[in-house]
Amino acid sequence: MTTAKLTTADYPLAERRPELVTSKRGKALDDITLDAVMADDISMDDVSITTHALHQQAEIAADAGRATLAQNFRRAAELVDVPQETIMQIYERLRPGRAQSKAELVQLADDIEQRYGAHVIAAFIREAAGVYDRRGLFSKRF
Amino acid sequence: MAMPPLDVARMLVDMNVPRQGLVRLARGMTPARLAEIVGHLSSLEIAFAYSKMRARRTPGNQAHVTNAKDDPLQMAADAATAVAFGFDEIETTMRVARNSWSNALACAVGAAVGRWGTLFQCSSEEAEELKIGMAGFTSYAETVSVYGTEKSFIDGDDTPWSKAFLAAAYASRGIKMRCTSGAGSELLMGYHEKKSLLYLEARCLCLQRAMGVQGTQNGGIDGAPVTCTVPGGMRELMAENLLAVWLDLECASGNDARPTESEIRVGAKILPYLIAGSDLICSGFGSILKYDNSFNASLLNGEELEDYLVLQRDFEADGGLTSRDENTLLDVRSRAIEAFSAVVEELDLAYPTAAMKQSVLTASGSDDTRSFTPRDATLISEAIEQRGITILSVIKALAARGFETEANNLVQLVRLRISGDYLQTSAVVREGRVLSAINDPNDYLGPGSGYRLSAERRGEIATIRDVLTRDQVLREEDIHKAPEAKRIRYRTVGPAAAGNVVQDIVIGISPAFGSTLFRTVAGHPLSDVVRNLISGIAEGGCHARIVRMQHTADTSFIGLSAALLAGSGIGIGIQAKGTAVIHQKDRMPHNNLELFSNSPITRLEHYRRMGANAAAYANGLLPEPIIVPTRGEALGSRYHARVSLIYAIETALTIEGGVPQEIEVTLLEGHQ
Numbered sequence: 235m236t237t238a239k240l241t242t243a244d245y246p247l248a249e250r251r252p253e254l255v256t257s258k259r260g261k262a263l264d265d266i267t268l269d270a271v272m273a274d275d276i277s278m279d280d281v282s283i284t285t286h287a288l289h290q291q292a293e294i295a296a297d298a299g300r301a302t303l304a305q306n307f308r309r310a311a312e313l314v315d316v317p318q319e320t321i322m323q324i325y326e327r328l329r330p331g332r333a334q335s336k337a338e339l340v341q342l343a344d345d346i347e348q349r350y351g352a353h354v355i356a357a358f359i360r361e362a363a364g365v366y367d368r369r370g371l372f373s374k375r376f
Numbered sequence: 004m005a006m007p008p009l010d011v012a013r014m015l016v017d018m019n020v021p022r023q024g025l026v027r028l029a030r031g032m033t034p035a036r037l038a039e040i041v042g043h044l045s046s047l048e049i050a051f052a053y054s055k056m057r058a059r060r061t062p063g064n065q066a067h068v069t070n071a072k073d074d075p076l077q078m079a080a081d082a083a084t085a086v087a088f089g090f091d092e093i094e095t096t097m098r099v100a101r102n103s104w105s106n107a108l109a110c111a112v113g114a115a116v117g118r119w120g121t122l123f124q125c126s127s128e129e130a131e132e133l134k135i136g137m138a139g140f141t142s143y144a145e146t147v148s149v150y151g152t153e154k155s156f157i158d159g160d161d162t163p164w165s166k167a168f169l170a171a172a173y174a175s176r177g178i179k180m181r182c183t184s185g186a187g188s189e190l191l192m193g194y195h196e197k198k199s200l201l202y203l204e205a206r207c208l209c210l211q212r213a214m215g216v217q218g219t220q221n222g223g224i225d226g227a228p229v230t231c232t233v234p235g236g237m238r239e240l241m242a243e244n245l246l247a248v249w250l251d252l253e254c255a256s257g258n259d260a261r262p263t264e265s266e267i268r269v270g271a272k273i274l275p276y277l278i279a280g281s282d283l284i285c286s287g288f289g290s291i292l293k294y295d296n297s298f299n300a301s302l303l304n305g306e307e308l309e310d311y312l313v314l315q316r317d318f319e320a321d322g323g324l325t326s327r328d329e330n331t332l333l334d335v336r337s338r339a340i341e342a343f344s345a346v347v348e349e350l351d352l353a354y355p356t357a358a359m360k361q362s363v364l365t366a367s368g369s370d371d372t373r374s375f376t377p378r379d380a381t382l383i384s385e386a387i388e389q390r391g392i393t394i395l396s397v398i399k400a401l402a403a404r405g406f407e408t409e410a411n412n413l414v415q416l417v418r419l420r421i422s423g424d425y426l427q428t429s430a431v432v433r434e435g436r437v438l439s440a441i442n443d444p445n446d447y448l449g450p451g452s453g454y455r456l457s458a459e460r461r462g463e464i465a466t467i468r469d470v471l472t473r474d475q476v477l478r479e480e481d482i483h484k485a486p487e488a489k490r491i492r493y494r495t496v497g498p499a500a501a502g503n504v505v506q507d508i509v510i511g512i513s514p515a516f517g518s519t520l521f522r523t524v525a526g527h528p529l530s531d532v533v534r535n536l537i538s539g540i541a542e543g544g545c546h547a548r549i550v551r552m553q554h555t556a557d558t559s560f561i562g563l564s565a566a567l568l569a570g571s572g573i574g575i576g577i578q579a580k581g582t583a584v585i586h587q588k589d590r591m592p593h594n595n596l597e598l599f600s601n602s603p604i605t606r607l608e609h610y611r612r613m614g615a616n617a618a619a620y621a622n623g624l625l626p627e628p629i630i631v632p633t634r635g636e637a638l639g640s641r642y643h644a645r646v647s648l649i650y651a652i653e654t655a656l657t658i659e660g661g662v663p664q665e666i667e668v669t670l671l672e673g674h675q
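Sequences listed follow chains A and B, in order.
Sequential numbering of the first sequence, starting at 235, is according to this note's numbering.
Sequential numbering of the second sequence, starting at 4, is according to this note's numbering.
#1: I'd like the list of long-range same chain contacts for I340/B, defined as Cβ closer than 7 Å, with 5 residues on each side in sequence excluded.
#2: Can you list, in chain order, the residues of its chain with a C-beta nearer than 7 Å to that of R336/B? Leave out the 5 residues immediately preceding and following it.
#3: Check this for me: beta carbons of L44/B and A35/B, under 8 Å apart or not?
#4: Nearest CA to the CA of G305/B: which residue from T263/B, A366/B, A255/B, A569/B?
#5: Does D127/B have its Cβ less than 8 Å from a Cβ in chain A?
#6: For I49/B, I'd like the list of residues in its chain whose CB is within less than 6 Å of its CB, leaving aside the five on either flank, ordered along the chain.
#7: Taking 7 Å as the limit between beta carbons, can you name the residues of its chain near H593/B, skipping five residues before and five after?
#8: Where do the ends of the alpha helix (DSSP H) carrying C209/B lie?
#9: Check each residue of the segment 408 to 429 of chain B: if its Cβ is closer than 8 Å to any Cβ of chain D, include it; give the result in chain order.
#10: With a threshold of 8 Å between beta-carbons, can V340/A be considered close to chain B, or not?
#11: Taking Cβ positions only, does A295/A come closer than 8 Å to chain B?
#12: Taking the beta strand (DSSP E) that D297/A falls in, what are its first and last residues?
#13: Suppose the cutoff is 6 Å on Cβ atoms and the five residues either side in sequence are ignored; what does the same chain contact list for A205/B look like?
#14: Taking T523/B as the reference, which of N601/B, S457/B, V496/B has the closest Cα?
#15: Which same chain residues, not among the five before or five after I464/B, have their C-beta less than 6 Å away from its C-beta?
#16: Which same chain residues, not among the five before or five after I394/B, have their C-beta less than 8 Å away from its C-beta?
#17: Could you tell me whether any Cβ in chain A is nearer than 8 Å to the Cβ of K134/B?
#18: Of all the options V41/B, R57/B, Y650/B, which has the alpha carbon lying nearest to the alpha carbon of L448/B?
#19: Anything in chain B within Cβ reach of L240/A, meaning under 7 Å, just list it in chain order.
#20: Counting only beta-carbon atoms, is I266/A nearer than 8 Å to chain B?
#21: Skipping 5 residues on each side, what residues in its chain have a beta carbon closer than 6 Å to that of Q675/B?
#22: Going along chain B, which residues have a C-beta under 8 Å from Q348/A?
#23: Please check the pair G226/B and G185/B, which I expect to be a contact at CB under 8 Å, by giving their CB distance rounded to whole angstroms.
#24: Ignore the nearest five residues each way along the sequence and tell me which others in I604/B's own chain have a CB closer than 8 Å to its CB.
#25: Taking the alpha carbon of K374/A as the reference point, which residue from A238/A, A296/A, R327/A, V255/A has its own alpha carbon closest?
#26: Any Cβ of chain A within less than 8 Å of the Cβ of D161/B?
#27: Do you know offhand how far V11/B's Cα is from I40/B's?
#28: Please name the residue or residues paired with V431/B in a DSSP beta bridge.
#29: Under 8 Å by Cβ, that's how I've got E653/B and S513/B pegged, so tell me the actual separation to the nearest angstrom.
#30: Flag this pair as yes or no: are the beta carbons of V509/B and A565/B separated by less than 8 Å?
#31: Over the uninterrupted beta strand (DSSP E) stretch that includes L598/B, give me the two end residues.
#32: Please list the segments of the alpha helix (DSSP H) lying wholly inside the segment 241 to 270 of chain B, counting only runs of 4 or more residues, in order along the chain.
#33: Can you give me the start and stop residues for the alpha helix (DSSP H) that M137/B sits inside?
#34: Whose C-beta lies closer than 6 Å to the C-beta of C125/B among residues of the same chain, with five residues either side of it excluded?
#35: Apart from the five residues on each side of it in sequence, which residues of its chain come closer than 8 Å, Cβ to Cβ, to G331/A?
#36: In the DSSP assignment, the beta strand (DSSP E) including G511/B goes from what residue to what residue?
Structure follows, in structure tokens:
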């Protein structure tokens, strides 16, 4: 595997660099066929985005001059293996008035960072905690 | 380095300043400065700048596919129809929230008919929408709304951080996502802070870029109707779309919620986008009828679809759609109905009857169907969710029942997720390839650059339904040949001589009159026209002679030639299409006595009175000229295509120097 950063010249990956694209369970693009689906060789994991692919797309977005889009892909990469329920819980805690204090959100960030190694997401939640504190968004709404 | 706003405004409309440089400048500007700069542009300049600044070169379009009963059978058929018309994305939503899974299944299957690559969205509650996406049914989302004031944001029960988190969550599931914003939303939510609509939207767009979403839908979403009630509202909507693309966001450019009931304002609203192009011209063109649009009526709906296709043809502008003939649409609808039925039967979800299928096949909308009810849809929907049915189950069911093409189409679509290529800015799928701002960047630098219609695409856009051809005109005329032969006989006697009786009036007929063409444009059989002319002349105490002209097909010259042959000096000239003139010898060709130029509204009664007036002139009287009343109908637009073809048939039959021929006309027995 190459260590050089991907550029817009590598895009679309599925077309230009298919050898770099594999499913979560290691299947190559060419392995994802109707026959394989019929033979129960393909699971939903095989047709899902991967952490790896999101990092690759982040490199391409950065090369295209879209720094914030790249950063969103990096945040997303950290969420790939986070279960759906946890994602919805984090979302819920980030809504206004759900967390009652800055400390509560900081604690959430620490948990996510520890459990999933989600450093970028954790920093993002801490940033939110600071802003919510300044803007008074910890007040109860219902 | 400070740059005067007006200078930047001029750069936006300067074709020599590349898009990339302007995108770089926008990154250093505040929302207020962005709004100020586009405020310098006129509507025309905004449209031009939009065309130059939009991210992807190739324009596209998005459809709403919904119906008033949440009937999944109709939805599958309508999704296939929308795909056939060429929509890049289809979006559905429900009348009853619980029906989301049923909608999702129906649209996913329907959109797999005919070709693959149409991205699909099921607009529902955030958690539900993510789950449906994870089950593989949907491929994009655009429900993440942002607002331009803090209080609106909080009342929307979100913050920029909660929304940005959702954006990352969608990407982590391989789902393409754009935000929603647009003028008027803060106004409707009661917290506008007395700021301008455009400034508040500039804030929203800057936020979206900061959040790292690839795109936006703005410029005419829920706030469009209220925005269009204020002075310059439509200009503002265009300006906010321009801000979106200037900030390098994909833009699904509104033209969504119907902001007016005026057809003229609807047409005017869409035109700049049609000719400028847009990533998605409408962020919801109702491909179904208005009453079936569960998002509420769109600017354009099924009722306006044909007009839109004609507008594309008029302006040779790619609005993302292609006309389809009825048989093609019936084929895809039938295929979608059968494919969806196979899936729900195979998965033991429902058993559509033949009568249900038949009612959906030819239905214009849900008023015409006898199919699933909203409650049926709920049962299907809940079963899909509870049993954990995924797109893989659907693919298997399709293949098991012989719908391998559609099964394969869905495999191709879900395979796209693995690489995440369609998460990049302005991505759509065309002919099996992801096309985005990266590999199809807008490179407009003036004429000859940017998006141009290929010869093939121009041909597609030109091919609308019901195009009239010469062959078709002749075929239609041929139908009337035999019935006319039973009513009238024309016998050529020989070269016409000048008459010497003062009661002699000549009716000059055109070369194709009664020989190749048999009806006036108004639809009157020519035998009826001849009978009325003759009887009108007789009523006036004169006698009609019929002479066929060969040297000309022009009404004036036919009439004047007829007058010169008439003993009275009065002639009538008439073409097969019914255009007629009363003429008099010694007058200039185009200075006639009476002209009947509006043949589509000239009735048999007028032809009779035309004969009577000709007789009056022959008797030296001055009759009241006949006025064929018009109600201002655009007769040219209705008939000129046909008239051009008919007249070409007439002129092709003329003979240079041909001598007028005396015709013996016999009106046959049984003639009414």
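Every residue gets a Cβ at the ideal spot worked out from N, C-alpha and C, and that includes glycine.
This is what the structure gives:
#1: Here the question's residue 340/B lines up with position 337 in the second sequence. Excluding sequence neighbours, I340/B sits near L76, A79, A80, K360, V363, L364.
#2: If you number the second sequence from 1, residue 336/B lands on position 333. The residues are A80, A83, T84, L364.
#3: Numbered from 1 along the second sequence, position 41 holds the residue referred to as residue 44/B. Numbered from 1 along the second sequence, position 32 holds the residue referred to as residue 35/B. Not in contact: L44/B and A35/B (Cβ atoms no closer than 8 Å).
#4: In the second sequence, residue 305/B corresponds to position 302, counting from 1. Minimum Cα distance to G305/B is reached at A366/B.
#5: Indexing the second sequence from 1 puts residue 127/B at position 124. Correcting the residue type first, residue 127/B is Ser in the shown sequence and not Asp. So, not an interface residue.
#6: Residue mapping note: residue 49/B aligns to position 46 of the second sequence, counting from 1. Hits under 6 Å: M241, A242, L245.
#7: Reading the second sequence from its first residue, position 590 is the one you call residue 593/B. Cβ within range, chain order: S559.
#8: As a working mapping, residue 209/B is identified with position 206 in the second sequence. 200 to 214 is the span of the alpha helix (DSSP H), which, as asked, contains C209/B.
#9: Any reference to chain D falls outside this structure, whose protein chains are A and B.
#10: Within the first sequence, numbered from 1, the residue matching residue 340/A stands at position 106. Chain B contact via Cβ: absent.
#11: Within the first sequence, the letter at position 61 stands for residue 295/A. Contact with chain B is found for A295/A, since one of that chain's Cβ atoms lies less than 8 Å from the residue's Cβ.
#12: The sequence position of residue 297/A within the first sequence is 63, counting from 1. Careful: D297/A lies outside any beta strand (DSSP E), inside the alpha helix (DSSP H) at 285 to 297.
#13: Along the second sequence, one-based indexing puts residue 205/B at 202. Only P34, L37, A38, L246 meet the Cβ criterion.
#14: On the second sequence, position 520 is the one that residue 523/B refers to. If you compare the alpha carbons of N601/B, S457/B, V496/B with that of T523/B, the shortest gap goes to N601/B.
#15: The residue labelled residue 464/B in the question sits at position 461 within the second sequence. So the list reads Q315, R316, once near-sequence residues are dropped.
#16: Along the second sequence, one-based indexing puts residue 394/B at 391. Excluding sequence neighbours, I394/B sits near A111, A138, G139, F140, L413, V417.
#17: Stepping through the second sequence from its first residue, residue 134/B is reached at position 131. Yes, contact with chain A.
#18: On the second sequence, position 445 is the one that residue 448/B refers to. Comparing Cα positions, the closest option is R57/B.
#19: Here residue 240/A corresponds to residue number 6 of the first sequence, with the count starting at 1. Within chain B, no C-beta atom comes nearer than 7 Å to that of L240/A; the closest sits roughly 11 Å away.
#20: Indexing the first sequence from 1 puts residue 266/A at position 32. Yes, because at least one Cβ of chain B sits closer than 8 Å to the Cβ of I266/A.
#21: Your numbering for residue 675/B matches position 672 in the second sequence. Confidence is the limiting factor: at Q675/B the pLDDT is only 48, short of 50, which leaves the residue's position unreliable, though a coordinate-based value still follows. Result list for Q675/B: empty, nothing under 6 Å.
#22: As a working note, residue 348/A is residue 114 in the first sequence. Near Q348/A there are no residues of chain B at all, since even the closest Cβ is about 18 Å away, more than 8 Å.
#23: Walking along the second sequence from the start, residue 226/B turns up at place 223. Walking along the second sequence from the start, residue 185/B turns up at place 182. With a Cβ gap of about 5 Å, G226/B and G185/B count as contacting.
#24: Position 601 of the second sequence, counting from 1, holds the residue named residue 604/B. Closer than 8 Å at the Cβ level, and outside the excluded window around I604/B, lie A525, V631, P632, T633, E636, L638.
#25: Here residue 374/A corresponds to residue number 140 of the first sequence, with the count starting at 1. For the set A238/A, A296/A, R327/A, V255/A, the Cα lying nearest the Cα of K374/A is the one of R327/A.
#26: For the purposes of this step, residue 161/B is taken as the residue at position 158 of the second sequence. Yes, D161/B lies at the interface with chain A (some Cβ there is under 8 Å from its Cβ).
#27: Here residue 11/B is taken as the residue at index 8 of the second sequence, counted from 1. Here residue 40/B is taken as the residue at index 37 of the second sequence, counted from 1. Each residue's alpha carbon lies about 7 Å from the other.
#28: For the purposes of this step, residue 431/B is taken as residue 428 along the second sequence, with counting starting at 1. In DSSP, V431/B forms a bridge with L438/B.
#29: By 1-based counting over the second sequence, the position of residue 653/B is 650. By 1-based counting over the second sequence, the position of residue 513/B is 510. The Cβ separation is near 5 Å, so the contact holds.
#30: Your numbering for residue 509/B matches position 506 in the second sequence. Your numbering for residue 565/B matches position 562 in the second sequence. Their beta carbons are under 8 Å apart, which means V509/B touches A565/B by this criterion.
#31: Indexing the second sequence from 1 puts residue 598/B at position 595. Run containing L598/B: 597 to 599, per the beta strand (DSSP E) assignment.
#32: As far as the segment 241 to 270 of chain B is concerned, it has no whole alpha helix (DSSP H) run of at least 4 residues.
#33: The count along the second sequence starts at 1 and reaches residue 137/B at position 134. Unbroken alpha helix (DSSP H) run through M137/B: 129 to 137.
#34: By one-based count along the second sequence, residue 125/B stands at place 122. Within the same chain, C125/B has close Cβ partners T95, S103, N106, A107, I135, T141.
#35: Working through the first sequence from its first residue, we reach residue 331/A at position 97. Cβ within range, chain order: L371, F372, S373, K374, R375, F376.
#36: As a first step, residue 511/B must be located in the second sequence, where it is residue number 508. Element bounds for G511/B: 507 to 512.
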